[in-house]
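Sequential numbering from 0 applies to the sequence shown in numbering that gives the first Met the number 0.
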Amino acid sequence: MPSDRTEFVTQTADETIALGRELAATMQAPLLVLVSGELGSGKTTLAKGIISGLGAAREEEVTSPTFTLVHVFHGVSKSHAKVYHVDLYRVTDFHDLETLGLEDALSEPGVLLVEWSERFHLRSDWPRLAIHLEHRGGDSRRIMIDKPEPQSQA
Ligand SMILES: Nc1ncnc2c1ncn2[C@@H]1O[C@H](COP(=O)(O)OP(=O)(O)O)[C@@H](O)[C@H]1O
Ligand SMILES: [Mg+2]
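Take a look at the structure:
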């Protein structure tokens, strides 16, 4: 399947946040932003850039939803779409997944950013932007962005 893949390397957390802001400028709801990569690779840091770049919250308001699992930002994002920040790290089975209420999130066009997206496949026909982060030693991170064609419904 054809896809556009772009790769970046950042050397600091601030550079990753700046990249997130740049990505946000190209985003349009509805969109699933699927962020994968091991612990500490920078998923939440990137989310700070994306969600603040969307105008949905200030950078410092974007924190890890590790325990609360879902954060909703009603802030006036550019498109007036709601922005959801989800972390699937502690979600162990489909029952857990159902308790998150993601169907509600997916019921109106918004931006749904998912950390640990590799854990579960979310059923949705929204376009997907897949981002994978990797440690490269020290503070260096490789950030791969895969933008598949929007899924067409059969
Ligand atoms: N280049 C970089 N990009 C992102 N985070 C970095 C970078 N260099 C250092 N860090 C630090 O690594 C940690 C990444 O944590 P976090 O974003 O919470 O990761 P995750 O959500 O993937 O577990 C933060 O403490 C951040 O300051
Ligand atoms: Mg995180």
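Every residue gets a Cβ at the ideal spot worked out from N, C-alpha and C, and that includes glycine.
Nothing here was measured: the structure is a model prediction, and the numbers come from that model.
If you draw a straight line from the C-alpha of residue i to the C-alpha of residue j, how long is it?
{"i": "residue 117", "j": "residue 54", "result": "26 Å"}
{"i": "residue 3", "j": "residue 145", "result": "6 Å"}
{"i": "residue 119", "j": "residue 43", "result": "18 Å"}
{"i": "residue 17", "j": "residue 65", "result": "23 Å"}
{"i": "residue 8", "j": "residue 100", "result": "34 Å"}
{"i": "residue 70", "j": "residue 142", "result": "23 Å"}
{"i": "residue 123", "j": "residue 73", "result": "21 Å"}
{"i": "residue 137", "j": "residue 125", "result": "35 Å"}
{"i": "residue 135", "j": "residue 40", "result": "9 Å"}
{"i": "residue 13", "j": "residue 106", "result": "33 Å"}
{"i": "residue 92", "j": "residue 56", "result": "30 Å"}
{"i": "residue 179", "j": "residue 94", "result": "Outside the shown range of the chain, which is 0 to 153, sits residue 179, and nothing can be said about it."}
{"i": "residue 26", "j": "residue 5", "result": "15 Å"}
Is residue i a contact residue of ligand 1, with contact defined as CB to any heavy atom under 6 Å?
{"i": "residue 17", "result": "no"}
{"i": "residue 100", "result": "no"}
{"i": "residue 11", "result": "yes"}
{"i": "residue 38", "result": "yes"}
{"i": "residue 140", "result": "yes"}
Regarding residue i and ligand 2, is the C-beta to nearest heavy atom distance less than 6 Å?
{"i": "residue 114", "result": "yes"}
{"i": "residue 161", "result": "Outside the modelled stretch of the chain, which goes from 0 to 153, sits residue 161, for which no answer is possible."}
{"i": "residue 43", "result": "yes"}
{"i": "residue 51", "result": "no"}
Grab the span of the beta strand (DSSP E) containing residue i for me, first residue to last.
{"i": "residue 89", "result": "Careful: residue 89 lies outside any beta strand (DSSP E) and carries neither H nor E."}
{"i": "residue 118", "result": "First-last for residue 118: undefined, no H or E at that position."}
{"i": "residue 133", "result": "127 to 134"}
{"i": "residue 35", "result": "30 to 35"}
{"i": "residue 66", "result": "Segment: none, residue 66 is in no beta strand (DSSP E) and carries neither H nor E."}
Over the uninterrupted alpha helix (DSSP H) stretch that includes residue i, give me the two end residues.
{"i": "residue 21", "result": "12 to 24"}
{"i": "residue 52", "result": "42 to 52"}
{"i": "residue 102", "result": "101 to 104"}
If I'm right that residue i touches residue j with Cβ under 8 Å, what's the distance once you round it to whole angstroms?
{"i": "residue 90", "j": "residue 32", "result": "About 17 Å; that fails the 8 Å criterion."}
{"i": "residue 23", "j": "residue 112", "result": "Actually they are not in contact, since the Cβ atoms of residue 23 and residue 112 sit about 10 Å apart, beyond 8 Å."}
{"i": "residue 48", "j": "residue 15", "result": "7 Å"}
Leaving out the 5 sequence neighbours to the left and right, which residues in its chain are closer than 7 Å to residue i when beta-carbon positions are compared?
{"i": "residue 80", "result": "28, 108, 109, 110"}
{"i": "residue 161", "result": "As shown, the chain starts at 0 and ends at 153. That puts residue 161 outside it, with no answer to give."}
{"i": "residue 86", "result": "63, 64, 65, 68, 114, 115"}
{"i": "residue 36", "result": "42, 131, 132, 133"}
Enumerate in chain order the residues of its own chain whose CB-to-CB distance from residue i is below 6 Å, with the five nearest sequence positions on each side excluded.
{"i": "residue 130", "result": "34, 144"}
{"i": "residue 104", "result": "83, 111"}
CB-CB under 8 Å to residue i, same chain, minus the five flanking residues each way: which ones, in chain order?
{"i": "residue 96", "result": "87, 90, 119"}
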